[in-house]
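Undergrad: Sequential numbering of the sequence shown, starting at 0, is according to numbering that gives the first Met the number 0.
Built from N, CA and C at the ideal position, the CB exists for glycine as well.
This structure is a prediction, so every number in the text was calculated from the model and none was measured.
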Amino acid sequence: MIQTRFDDSKDLFKLIGAGAKVGIIACSDCAAAFKTSDTKRVNQICDRLSGRNEILFRLSVSSPCDGRVFARLANTAPRFGEAECYIVLACEAGLRTVSAYIAEAKAASGADFKIVSPVITISYAMIAPDNQPYNACIFCGECRFEGRVGPCPVANCPAHKKEGPCQDRTDDFCAHGTERRKCSWL
Numbered sequence: 000m001i002q003t004r005f006d007d008s009k010d011l012f013k014l015i016g017a018g019a020k021v022g023i024i025a026c027s028d029c030a031a032a033f034k035t036s037d038t039k040r041v042n043q044i045c046d047r048l049s050g051r052n053e054i055l056f057r058l059s060v061s062s063p064c065d066g067r068v069f070a071r072l073a074n075t076a077p078r079f080g081e082a083e084c085y086i087v088l089a090c091e092a093g094l095r096t097v098s099a100y101i102a103e104a105k106a107a108s109g110a111d112f113k114i115v116s117p118v119i120t121i122s123y124a125m126i127a128p129d130n131q132p133y134n135a136c137i138f139c140g141e142c143r144f145e146g147r148v149g150p151c152p153v154a155n156c157p158a159h160k161k162e163g164p165c166q167d168r169t170d171d172f173c174a175h176g177t178e179r180r181k182c183s184w185l
């Protein structure tokens, strides 16, 4: 899964003009699992914009990063083409796929539009049975852990060490960061 986080520092009122017609596109897979684009988050955004902006549609898309899936669903969304601003709640891959589709769709009409994404893509992650997310990979390009079971120790090490545990660790615990956690290498 692609791990994302909602960026609370982005002020939607500053990014979206008052009175702009808005459409919300939310990933129902990875981003929803990390509560970046779940129903509660979409409702919060709608509540925040209520009375200021007209919400034309809410589109929940399984894998908006797949252009084929997104195009098929976008064609079913009423008033999709009327939006002046699209809020995209998805990872960077989903954002870019959706943006390309919208740009192509709007090119014929020449209509102005804006795309806003208050989402930060963090990493490729796995969710364990205990609902804890673990960094699965940081795409360092030097993977030596083929066949290893569980999360990548490099991805889960705050220092991203590639040669094993730090020598200055205390017992089996990480020497970096503020929270006490077991060394990812052990």
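Which residue spans inside the region 82-109 form an unbroken beta strand (DSSP E) run of at least 3?
TA: With a minimum length of 3 residues, the continuous beta strand (DSSP E) runs that stay inside the region 82-109 are 84-88.
Undergrad: Select from Thr169, Ile23, Asp167 and Arg180 the residue whose C-alpha is nearest the C-alpha of Phe56.
TA: Checking every option, the nearest Cα to that of Phe56 belongs to Ile23.
Undergrad: Secondary structure at Leu48, three-state DSSP: helix, strand or coil?
TA: Residue state, collapsed to three classes: helix.
Undergrad: Where does the unbroken alpha helix (DSSP H) through Cys151 begin, and where does it stop?
TA: Element bounds for Cys151: n/a, residue is neither H nor E.
Undergrad: How many Å lie between Gly66 and Gln2 at the Cα?
TA: The alpha-carbon atoms of Gly66 and Gln2 are separated by roughly 20 Å.
Undergrad: Report back the beta-carbon spacing between Ile121 and Ser98 to the nearest angstrom; my notes put them in contact at under 8 Å.
TA: The pair is not a contact, with the Cβ atoms about 20 Å apart (cut-off 8 Å).
Undergrad: Cα separation between Glu83 and Ile15?
TA: About 9 Å.
Undergrad: For Asn134, list the residues DSSP reports as bridge partners.
TA: Paired residues: Ala124.
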